[in-house]
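Protein chains: 4
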Amino acid sequence: MSTTMSNGPADGPGNGPAVSRWEFDAMFERVRTWGRWEPAERGAWNRVGADHVRRAAALVRSGTVVPLGRPWDTTSGPDNRKPALHYMSDLGDVEAPEPSTHKDFVGADYHGKGISHLDALSHVAYRGRLYGGGAARELVGAAGARFGSVAALGPLVTRGVLLDLPAVQGRAWLEPGQAVHAGDVAAAEEALGVEIAEGDAVLLRTGRFRRRRELGPWDADAACAGFHVDAVPLLAERGIALLGGDGDSDVRPSPVEGVHSPVHTLAVAAMGVPLLDNLDVEELAAACAGTDRYDFLLLVSPLNIPGGTGSPVNPVAVL
Amino acid sequence: MSTTMSNGPADGPGNGPAVSRWEFDAMFERVRTWGRWEPAERGAWNRVGADHVRRAAALVRSGTVVPLGRPWDTTSGPDNRKPALHYMSDLGDVEAPEPSTHKDFVGADYHGKGISHLDALSHVAYRGRLYGGGAARELVGAAGARFGSVAALGPLVTRGVLLDLPAVQGRAWLEPGQAVHAGDVAAAEEALGVEIAEGDAVLLRTGRFRRRRELGPWDADAACAGFHVDAVPLLAERGIALLGGDGDSDVRPSPVEGVHSPVHTLAVAAMGVPLLDNLDVEELAAACAGTDRYDFLLLVSPLNIPGGTGSPVNPVAVL
Amino acid sequence: MSTTMSNGPADGPGNGPAVSRWEFDAMFERVRTWGRWEPAERGAWNRVGADHVRRAAALVRSGTVVPLGRPWDTTSGPDNRKPALHYMSDLGDVEAPEPSTHKDFVGADYHGKGISHLDALSHVAYRGRLYGGGAARELVGAAGARFGSVAALGPLVTRGVLLDLPAVQGRAWLEPGQAVHAGDVAAAEEALGVEIAEGDAVLLRTGRFRRRRELGPWDADAACAGFHVDAVPLLAERGIALLGGDGDSDVRPSPVEGVHSPVHTLAVAAMGVPLLDNLDVEELAAACAGTDRYDFLLLVSPLNIPGGTGSPVNPVAVL
Amino acid sequence: MSTTMSNGPADGPGNGPAVSRWEFDAMFERVRTWGRWEPAERGAWNRVGADHVRRAAALVRSGTVVPLGRPWDTTSGPDNRKPALHYMSDLGDVEAPEPSTHKDFVGADYHGKGISHLDALSHVAYRGRLYGGGAARELVGAAGARFGSVAALGPLVTRGVLLDLPAVQGRAWLEPGQAVHAGDVAAAEEALGVEIAEGDAVLLRTGRFRRRRELGPWDADAACAGFHVDAVPLLAERGIALLGGDGDSDVRPSPVEGVHSPVHTLAVAAMGVPLLDNLDVEELAAACAGTDRYDFLLLVSPLNIPGGTGSPVNPVAVL
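Chains as they are written, first to last, in the UniProt record's numbering: chain Y, 1 to 319; chain Z, 1 to 319; chain H, 1 to 319; chain B, 1 to 319.
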C-alpha cells in the first residue's frame, strides 16, 4: 500500500456508473435474505454466534482501545442540520448538597450526517416493506417500530475490518462523490492483508473527517464518498453482519435512478444488515497502520430503546 | 451459596450504623487519590492499561453477550421522575422515498433513578470541589464541564465482577434500605469464588429490578439497597476502576449525617471512580450462576459528549 | 349566588347519567357543523368576525389584566405525567460578553392534564375522521397536521364568559367526577347574570386548582369535574367559538359507553370548537366576583406552529 | 410618506457613527431607571396601568386581528442556528380510541434570530449586573432566574406603535447593517402621523422578512438593520414599556466598542424594557398602511415560565 498521499481530486469516474431501477430491483432480489433467520428482526446480526464472539475477543493483541464516536455536535451546519442538544439541568444549585451534583440533558434526532449512530432494521423500507416483508405503515407508528427496533438488536460484539481506501489509494481522502466499487473492496483486502468473513462488521474509511478538519464541513447529503451498489453483492456473499464507516455507506449523489440511498436499501431492507453512520475512524486508521493489522474486536452497544429505529452510539475497536 | 430464597424483609440492621460528618470526612481523606494520575480527569480509569484490557478479553469463554441497559423509560413514576423522551420524526412521510425512512428523536435528563447511565467525574463535588481539588463553580458551567467530562473518560474495557448479594444471602432481593457492608463484600467474594482486583469494575446486584417486576416501582430516592460507606475503604484498597449496579451504589436513606449520597462522594470525588447507575443485572446474574463464574469482560461505551457529566449507556458483559 | 361554601363531596349523581354509544352518535350528528365555514380548518373560530372583536374590546372597563396560564410545570406527578422541560442554555458563560446573556430551552409534550394549552381541530378524530370529514390517517403524519393545525387557527380575540360553578353552588370546588349538566349551565347564567352568545369563549370553573392547592394533586385522568355531554347541545345552540376551563371540559370518568372524551369529540370533531385545557381561573373568578361581571375580553394567542395540533398558551382576560 | 420603493442598498452611513465604551457607559447612566418601580422585576412594564389598558382597548376600530409570530422554524440555517423542535407524539395510534387523538412535542432554545420571542429582564446583564443592580451570577442559575423572569412580567396589553422605516424611506426594506437613528424615529413619527407615548410598545419594521422572502436568509448576527444607540435616549424620554420589531432591535455590526448588543443592554439592563425579537410585521405594515393608522391594541402573552428568561410568543395587534 502506498504511503505517498495526494490531496487532489479523484481522477476516477465519480459516483457512476448509473444503475437503472430495473437493475437495482434485480440486485435487491439477489441479495435478499428474508426468511433466513429467527428472530427475523435481528437480521444479519443473527450470523454472529458465540463462536464469532470468542474469535473476535481473541483478536485482542495490544489492548489498545479506540473509540469511534464523533463528539456530540450541538452546532448546526451543512452536515449537521439537526444539531444535537446538550443542556445543564443542575449546576450544583438545584438539588441540595452535600454533595453538590451536576446534571445534564442530552437529546438528538440522530439520523442524518452529524451524529455517530446505528441504523436498526426499522430505519429503512423499500416499496413500503421493511426487511422481512412486513408493511412499514403497519409496523412503524408514533409509538415506534414494532419490528426491527434497535432494542431487538441489542449489542454487537464481533470482528471488525477496516477498509482504509485512502491508504490503499495513496490519498489523504476520497473526494466527495467518489464511489467505492467491488473491485476497490477486493483490492483493499489484498493491499491491507485482510479478508472479510462471515459475521464481520465492515467499516469503510473515506477520510471524510480528515478532509472536514482540513477543509471545513460541506453538505454531505449532496456529495460524499461511499459504496457504489456494485460493491454490495460482494459484501453479501461474504456474509457481513454490519456495515458502516465515516460516511453513511452510500456514495452521493446516488448512481441509482429514483433511489436516493441504494446501499441503505440493499443492506438494511434486503440483507438485514444494520448500518453505522458518521464514525470517526481516523484514529483507528492510524492504529491499524501502526500495527499493519486491519481487523480487531469491535463492540457496538446501542441504547436499549424499545421501538427505536437506531441509536446514537460510540462504537469501540480493541486492537 | 444458598439456593433457597426468601422474599422476607431483611432481618439485619437496615441502613446503619450511622456515620458522623467528622468520621465521613476522615474516610474521604483516607481514600482520596487526588494527584495520583495523568490525565487527572480520567481518575481511576487510568488504572486500566493495555494489560488489563488484554486480560479482560481473555476472560471470554462461552461468547455469551449480556446487555445491562434498562429499556429507555418514557413513563414517569416514583423511580422515574424525569421520563426519557422518544419521538418519531419521520414515519416514511417526511423525507421523500425511495427508500422511505423512519427516524426518531431521543432525549433524557438521565441522572436519577430511571435510566441506565454512567456518572463521569464532573457529576459530583464535595465541599465545592471536584475530584482533584478544582472548584466546581469554576469548572462546570452552562456549556458543560471543563474538567472530568465523560468525553475525557472515553470507553472502558476491563474485567467486571458481579457481587450478587441476594444470591449469596439466599434471598430474591435485598430490601430497600438494606446496607451492604465491607463484610458482605468479603463474604460475597468467598461465596462466589471471585476476588476483586486492581482495575476491576465492580457491579452490585441488589435484585432491585426483580423486586420491581414483582412488586411494582417504588421511590428509590427514599429507600434503596446499596453500599454502606464502610464498604468503600475495602473497594479503594483493591483499586477498583468503576463501581455500579442495579441501584446507584448508595444505600438510601443515607447513614451519613448531612451527606445524601456518601458513596457517590467517596467514589467519584475522592477516589476518581466513575459510577454506573440503574443497570439491569438480572440476566447477568442468571448467566453467572449458570456458569458459576462471576467475572467477565465488561465494556462500557458512553456517548462522546464534550462537557457531559455522564451519559446514558448500555454496558455489555461478555462471558 | 351563594357566598357560603362547603368542601363536602358533591351530593349529586356524580358523572351520570350513562349515555349509550347510539345516543352519543345521534348527538354527534345533531351538533355537527361540517361544511358550514370557510376556511373549514378554523371551524367555529369563523364565527368571530370583526364585529365580535370590536364588541369584545368594548367590554374592557377596569383595565384589569388576568393571565390564565398555569406555571410551566417541570415536576412529574399524577396530573403531570409528561413534565415540561426547562433548561438554561447560557448563564452568561457561553456567549462572550458584553453584555452577558442568559438563555433557556423550553419544551413540552403539552397535551394532557398538566400544561395550559389549546387543542386545535386536528387534535381529535372520531371514527377516523377529523372535523369536516377528512380521514385522520391521511391528514396527520409525522410532519404534523395538514388540516386543522393551530397555525390555521391563529389568535382568538373574543368575548369570554366564566361559568363559576362552585360559586353558583356555594362550594369551594366541584368534586372530581362531578358532572356539569345543561341545567347547571342555564342556572349559572342566571345566577351570574351573564348569557352565552354566538362567538363566545366559554370557560368553566370547577375549582380544580383551588382543590389542588389545598389537598394536593390527584390523577385527573381518572376523576375530574367537567361537562356531561348533555350540556353540549345547549352550547352548540348558543354558537360558541371556544370552550375551556380549569379541567379539560370532559367529566371523568366518561359517562359515554366506549368514548373516553366525549366532550372533546363533540366540541372539536363535530362542532369545530377548539378547547382550552388546564387554565388556572382562580384569579379570574375572584376578579369576576369582585366586579360582579362574568364576561370580559379574552385573548388567546397560540404559538404559530405549522402542523401543530395545538399549543401551550397563556390566555388573558381583560376586565 | 413615499410610495415609491427602491431595493437599492442604503446610501447612508451604515451602522455608524462609532460609539466609545466611555460614551456608552454615560448613556447607560442617563437612561437607567433602577429603583424606580415596584415590583422591580417588571421594569418598565410597571408603566402600563389600568388606564393604559383601557385606552389601548379603545384603539380598536376595524376589529382586524393581526398575528406577529413567525412560523415555528424547525429548519436550521444562517439565521436559525438552533432550529425549533416539533415532533408528533401520538398519531391516533398510541392512546386508545375513541376518540383517537393527535399530540405533539414542541421545544426551542428560542433566543437567537429565528424564533419570535420576548426577552425578560433576566436575559441581559451588563458588567455582571441585571436591571436593578443585582449580581447576575447570584440571581440566575441552572434552575432559572430568581429575578426578572418572564413569569414576573406576565402578559402585556398596551398601545402598540409601528415605526415602518422602509415605508417612510420609500424602500422595500432597510439593508442589513443600516442603523435607525433618533432623527429617523422622529421623522417616522411625523411621516406616519403617530407619536410615541408613555407605556407604549414600539415596534420597528426594517423589512427583514420581506427581504428574506425575496432574497433568502442571511446571517443576521453578522448584519442586520436596527436601532443605533443614539435612538435610545429618545425612546427612554418617551417612557416606552416595550421595544421590538422584525430584527432584534440592535443594528449589527454593533457601533459600540466592546458591546455586541448595545440596544439590548440599554433597553433591558438600564431601562427595564423587555424586547420582542424576530416578529413578522409585514402583514401589520400592510394593515397600518391600509388604514393610515400606525397605533393599535397590542397583546403579548408570554408562556408562564417560572425562572424563564423570556418566552416564545405570538403577539397580536388589533386594529
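Built from N, CA and C at the ideal position, the CB exists for glycine as well.
Legend: CB atoms of the region 84 to 98 of chain H lying less than 7 Å from CB atoms of chain Y belong to residues Y87, M88 and S89. By the rule that beta-carbons nearer than 8 Å mark a contact, H/R81 touches chain Z. Under the Cβ criterion of 8 Å, Z/L242 is not counted among the residues facing chain Y. At a cut-off of 8 Å between beta carbons, Z/F105 contacts chain B. Between Y/V161 and Y/D295, the C-beta spacing is below 8 Å. Spanning the alpha carbons of Y/T74 and B/K82 requires a straight line of approximately 9 Å. A direct Cα-to-Cα measurement between B/N80 and Y/A84 gives close to 14 Å. Beta-bridge partners of Y/R252 (DSSP): Y/C224. In the structure shown, Z/P67 adopts extended strand secondary structure according to DSSP, grouped into three states. With respect to chain Y, the C-beta atom of Z/H228 has no partner C-beta closer than 8 Å. When C-alpha distances from B/A108 are compared across H/S62, H/M88 and H/E98, the shortest belongs to H/M88. For Y/N80, the secondary structure class from DSSP, reduced to helix, strand or coil, is strand.
Taking 8 Å as the threshold, the shortest C-beta distance from B/A285 to chain H does not fall below it. Residue nearest to B/G114 within the set B/L319, B/P312 and B/V316 is B/P312 (criterion: CA-CA distance). H/V94 sits in coil when the DSSP states are folded into three classes, being neither helix nor strand. In this structure, Y/D164 sits away from Y/L275, with a CB-CB distance that is not shorter than 8 Å.
Relative to the Cα of B/G199, the nearest Cα in the group B/S20, B/A56 and B/E38 belongs to B/A56. At a cut-off of 8 Å between beta carbons, Z/G308 makes no contact with chain H. At a C-beta separation below 7 Å, Z/G141 has these neighbours in chain H: L91 and D93. In terms of CA proximity to H/S62, H/G290 leads the group H/V53, H/G290 and H/G244. Taking CB atoms only, Z/V60 has a neighbour in chain Y less than 8 Å away. Nearest C-alpha to B/W34 among B/R210, B/G133, B/V19 and B/R54: B/G133. Going by DSSP, Y/L174 is part of no beta strand (DSSP E) at all; its letter is neither H nor E.
The residue from H/G177, H/A236 and H/E195 with its alpha-carbon nearest to that of H/D219 is H/G177. The DSSP-derived three-state label of H/F296 is strand. By the rule that beta-carbons nearer than 8 Å mark a contact, B/G69 touches chain H. Between the C-alpha atoms of Z/D280 and Y/V256 there is a straight-line separation of about 45 Å. Taking B/S249 as the centre and dropping the five residues before and after it, the same chain places the C-beta of G226, F227, L243, V263 and L275 closer than 6 Å to its C-beta, in chain order.
Taking the C-beta atoms as reference points, Z/A187 is found no nearer than 8 Å to Z/D230. Looking at the DSSP output, H/K103 shares a beta bridge with H/D90. The beta carbon of Z/S254 sits no closer than 8 Å to any beta carbon of chain Y. By DSSP's assignment, Y/G144 forms a beta bridge with Y/G141.
Restricting attention to H/V259, H/I240, H/P302 and H/A223, the CA atom closest to the CA of H/G247 is found in H/A223.
Of all alpha-carbon atoms in Z/A270, Z/V53 and Z/F209, the one lying nearest the alpha-carbon of Z/E283 is that of Z/F209. In the three-state reduction of the DSSP assignment, B/V316 falls in the strand class, which pools E and B. Between H/F24 and the set H/P78, H/V168 and H/Y126, the nearest pair of CA atoms involves H/Y126.
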